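The opening residue of the sequence shown carries number 20 in my numbering; numbering runs sequentially from there.
For glycine and all other residues, C-beta sits at the position ideal for the given N, C-alpha and C.
If you're wondering where the values come from, they're calculated on a predicted model, not measured in any experiment.
One structure is given here, and the rest of the page talks about it.
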Amino acid sequence: MQSVTVSLGSIEKVKSFVNVISHFDNDFDLVSGRYLIDAKSIMGIFSLDLSRPIELRIHVDEPNEEILAALKPFLV
20 MQSVTVSLGS IEKVKSFVNV ISHFDNDFDL VSGRYLIDAK SIMGIFSLDL
70 SRPIELRIHV DEPNEEILAA LKPFLV
């Protein structure tokens, strides 16, 4: 598993983020406090406090540079 911090402070950023990660077969989770949600779920993302950075957990066996490159616009 790999963890990065992302910022999703607007509706457009959330839609773009979900669109980007939906192209990958991996599982992605967002963690905010005690909440853990599926990062491919727009409704789930909107249940989080988007005013603060959020931890993204990427379920991979080894670091994946392709995923990180795609996520670059959202990384903190």
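Opening and closing residue of the beta strand (DSSP E) in which residue i lies
{"i": "S51", "result": "D46 to S51"}
Residues bridged to residue i (per DSSP)
{"i": "I77", "result": "Q21 and F47"}
{"i": "I56", "result": "L49"}
{"i": "L69", "result": "Its beta-bridge partners do not exist; DSSP assigns none."}
Limits of the alpha helix (DSSP H) - the one that residue i falls within
{"i": "L87", "result": "E84 to L90"}
{"i": "G63", "result": "I61 to F65"}
{"i": "V37", "result": "I30 to I40"}
Burial state of residue i (16 or more Cβ within 10 Å)
{"i": "I30", "result": "exposed"}
{"i": "L90", "result": "buried"}
{"i": "I61", "result": "exposed"}
{"i": "A88", "result": "exposed"}
Beta-carbon spacing of residue i, residue j below 9 Å
{"i": "S26", "j": "V95", "result": "yes"}
{"i": "L49", "j": "R71", "result": "no"}
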